[in-house]
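Everything on this sheet refers to the single structure shown next.
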Amino acid sequence: MSISDTSQLVAGRKRARAKGWAATIARFLVVMVTTYLGLLAVTFFIGRVVPIDPVLAVLGDRAPAHVVERVREEMGLNRPLYIQFYYYLRDALTGNFGISVLTTNPVMTDIRRVFPATMELATVGTLIGSLFGVPLGVLAAVKRGSIADQIVRVVGLIGYSVPIFWLALLSLLLFYAKLQWVAFPGRIDIVYEYSFTPVTGFYLLDSAWQGQWDVFIDVFRHIILPASLLGYFSLAYISRMTRSFMLNELSQEYIVAARAKGLSETRIIWGHALRNAAVPLVTVIALSYAGLLEGSVLTETVFSWPGLGLYITNSLQNADMNAVLGGTIVIGSVFIAINILSDLLYRTLDPRTRAR
Amino acid sequence: MSTAPSQSRREWLLSDRPQSRIQARLGRAYMTWLRFSSNRLAVLGLLIIIALVLIAIFADVLAPHDPVIGNLAGARLLPPGSPGYLLGTDDQGRDILSRLLHGSRLTLFVIVLVAIIAAPVGLLVGAVSGYVGGWVDAVLMRITDIFLAFPKLVLALAFVAALGPGIENAILAIAITSWPPYARIARAETLTVRNSDYIAAVRLMGASPFRIVLRHVMPMCMSSLIVRVTLDMAGIILTAAGLGFLGLGAQPPLPEWGAMIASGRRFILDQWWVATMPGIAILIVSLGFNLLGDGLRDALDPREAGQ
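Encoded structure:
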């Protein structure tokens, strides 16, 4: 085979691969758009079709008939449903979720204010969950059937079975009230509330960046308990999946080959097996991050953590449907985005799944 | 008594050459039971669930006090171990043990109803999707994926917020968010049997597609579905308790465990037992379902037993 033949072959392969990539990306776009449309359709359905009457919800049931009629006209509720849905889509896509009855701000402004708190909590939680969950899963797989494996299994099972808000209450009782190891519920001490100006909304990063270490310690004392709780839940999931992936890898032939070559067990486990298990693990960790965003709803309520979860539950208690649906759409969108990103990442990292 | 003393009942069940259809069926069930009962944790899970059902049936007999009307004058916030009140009392002088025993009925009510609503919906969607194929499959699976991509708890919250709080609406909301995995499983199972010989034989005999799906495809999906539903029970219990905790599930004075934790929250610093006891009940029951589900998966689906 001459050099020009080879280069032609390579170019052809590149073209085919580019085509494959284009098809993959197009498919992902379709998935993303339809899923997002589905999310909006469901929230539209919840907001417009299910409740009693949005006009009465705004005016109360004692308003005179002509006022009801005028407001109905103004709210666009006389139009056919598909026209209403079109306007709903247009509003939602531009981030206009209406005004919150409770705070009187636009819902999007509120969400922008509270969302970083939830992100910070979920991020620290996922970090804790993976830092402990992955090694525990590896340990359980390597020492399969041992006491250590059983303990990891039981720890995971309890994580799957325990109500998070209950564990949060008990841990607050123990670590805050009795032992006084952690700070009062909330995100930051009232002393620092005015002297500290967050930039990104991630208080840990902001305080460290500005060199305010006393603030950093205070923020840390606030976040550590709720984040550990969320971390425990992702640990339960991550350790179980890590164990199963590692068992799968450790039974492969390349492990036997590595052993025959005389590599140390440490190197085989952490360098070879875990490296191959890492690809599906990335997906698992991404999904558990999405799960923590959702799990934060109950945790934030217990810890008075001023994030999206607390915002949604407060709005629920006050029948503030705009805020509830806006929060649902934002969490749902992040959920969908993480789902799709992790899928895409999986395809990029694992050459076997690439489009040919 | 059998005529041949050497053939015990166990051997009859494990026989390689069953003489009748009943013997074959019983033998298979016995094999499954042997696999299941060799897993001690799974048996523990089964015992927990049986205990839950028995407690729910006999709650009236077992409960020493009324679950709703307490002794406001003489028995408020008594600690566990007080005479007559094994687990203590709450702020309205109600016996916590009696409330927990009666609350098992609500827990059972929720999971049974969610299973009755969500499992058939998922089964039907998945079986039709897998059997018919083509654009029906594409559309149904796209809808399933859309629901699968939603955050379950948040969506359930939004549904209950719109429908109004209450245990029936909580059940509906949980059911709406939990059918998609069942549809996925049913479709996967259907795809594996769709082109098998026995389906072709039934089709040749002139069975309608409706009958094939209902009588010959759906039964094949049952064992995987039962495993999945059992494993999901714990999550359903936790979601229902979470809704109750937020005041969106069962309304007072119903002794729902999540709502009991919420009402005990105010006294957590001094009267810790009010919130602690219902949490232990939730933990035990959902642990029971997780253990049972793991055991069933290993027993019914030996392919995955190694995992």
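These protein sequence lines are chains E and P, in that order. Read in our numbering, the first sequence has 187 at position 163, and its numbers run on one by one without any break. Read in our numbering, the second sequence has 54 at position 4, and its numbers run on one by one without any break. We put the CB at the ideal spot given by N, CA and C, even for glycine.
On a CA-only basis, which of P:GLY297, P:ALA284 and P:PRO305 is nearest P:LEU337? Give me that one, please.
-> P:ALA284
Roughly how far, in whole angstroms, is the beta-carbon of P:ALA225 from the beta-carbon of P:ILE167, given that I think they are within contact range, below 8 Å?
-> 4 Å
Span of the alpha helix (DSSP H) around E:SER195 | 188-195
Measuring CA to CA, which of E:ASP242, E:ILE135, E:TRP190 and E:ILE364 is closest to E:VAL308?
-> E:ILE364
Please state if the CB of P:GLN73 and the CB of P:TRP62 are separated by a distance shorter than 8 Å.
-> yes
Across which residues does DSSP place E:ASP173 in a beta bridge pair?
-> DSSP, once it has assigned bridges, lists no residue as partnering E:ASP173.
What are the boundary residues of the alpha helix (DSSP H) that P:THR280 is part of?
-> 268-295
Measure the CB-CB distance between E:MET345 and P:ALA211 and report whether it falls below 8 Å.
-> yes
Just confirm the distance between the C-beta atoms of P:ALA39 and P:PHE209, as a whole number of angstroms; I'd bet it's less than 8 Å.
-> Look at the range of chain P in this structure, 51 to 357, and you will see that residue 39 of chain P is not part of it.
Can you find a heavy atom of the ligand NAD that lies under 7 Å from the Cβ of E:PRO130?
-> By its list of ligands, the structure shown contains no ligand whatsoever, and the ligand NAD lies outside what it can speak to.
Residues that E:TYR227 bridges to, as DSSP identifies them = Answer is none; E:TYR227 lacks a bridge partner.
Do the segment 266-279 of chain E and the segment 116-131 of chain E meet, that is, are 3 or more Cβ pairs less than 8 Å apart?
-> no
Around the C-beta of P:SER52, are 16 or more other C-beta atoms found within 10 angstroms, so that it is buried, or is it exposed?
-> Because P:SER52 carries a pLDDT of 45, less than 50, the predicted location of this residue cannot be relied on, and no value is offered for it.
Tell me which same chain residues have a C-beta within less than 6 Å of the C-beta of P:GLN69, skipping the five on either side of it?
-> none
Measuring alpha carbon to alpha carbon, tell me which of E:ILE70, E:PRO140 and E:ALA347 ends up nearest E:PRO222.
-> E:PRO140
Could you tell me whether the Cβ atoms of E:ILE262 and E:SER312 are closer together than 8 Å?
-> yes
Chain P beta carbons: is any one of them nearer than 8 Å to that of E:SER185?
-> yes
What first and last residue would you give for the alpha helix (DSSP H) that runs through E:VAL91?
-> 89-98
How far does the alpha helix (DSSP H) with P:ALA125 in it reach, from first residue to last?
-> Here P:ALA125 belongs to no alpha helix (DSSP H), and DSSP marks it neither H nor E.
Would you report the Cα separation of P:GLY308 and E:ALA310, rounded to the nearest angstrom?
-> 29 Å
In whole angstroms, what separates the C-alpha of P:GLY120 from that of E:PHE68?
-> 44 Å
Taking C-beta to C-beta, are P:ASP141 and P:LEU127 nearer than 8 Å?
-> yes
Specify whether the segment 97-104 of chain P and the segment 149-166 of chain P touch according to this definition: at least 3 beta carbon pairs, one from each stretch, less than 8 Å apart.
-> yes
Step through the CB atoms of chain P and report whether any lies within less than 8 Å of the CB of E:THR307.
-> no
Three-state secondary structure (DSSP) at P:THR139?
-> strand
Measuring only between beta-carbons, confirm whether P:ILE286 sits less than 8 Å from chain E.
-> no
Using the C-alpha atoms, what's the distance from E:LEU191 back to P:ASN219?
-> 26 Å
Taking the C-alpha atoms as reference points, what is the distance between E:LEU254 and E:VAL326?
-> 12 Å
Throw me the rounded Cβ distance for the E:ALA282 and E:HIS296 pair, which I believe falls under 8 Å.
-> 6 Å
Endpoints, the alpha helix (DSSP H) within which P:ARG67 is located = Segment: none, P:ARG67 is in no alpha helix (DSSP H) and carries neither H nor E.
Neighbouring residues, chain P, relative to E:VAL95 (Cβ below 8 Å) | Near E:VAL95 there are no residues of chain P at all, since even the closest Cβ is about 20 Å away, more than 8 Å.
Alpha carbon to alpha carbon, what distance is there between P:ARG149 and E:GLY62?
-> 41 Å
For the alpha helix (DSSP H) that contains P:ALA257, what are its first and last residues?
-> Segment: none, P:ALA257 is in no alpha helix (DSSP H) and carries neither H nor E.
Roughly how many angstroms lie between the CA atoms of P:GLY95 and P:GLN301, to the nearest whole one?
-> 29 Å
Is the segment 99-111 of chain E in contact with the segment 286-306 of chain E, if contact means three or more CB pairs nearer than 8 Å?
-> no
How do the segment 150-158 of chain E and the segment 236-256 of chain E stand: do at least 3 beta-carbon pairs fall below 8 Å, yes or no?
-> yes
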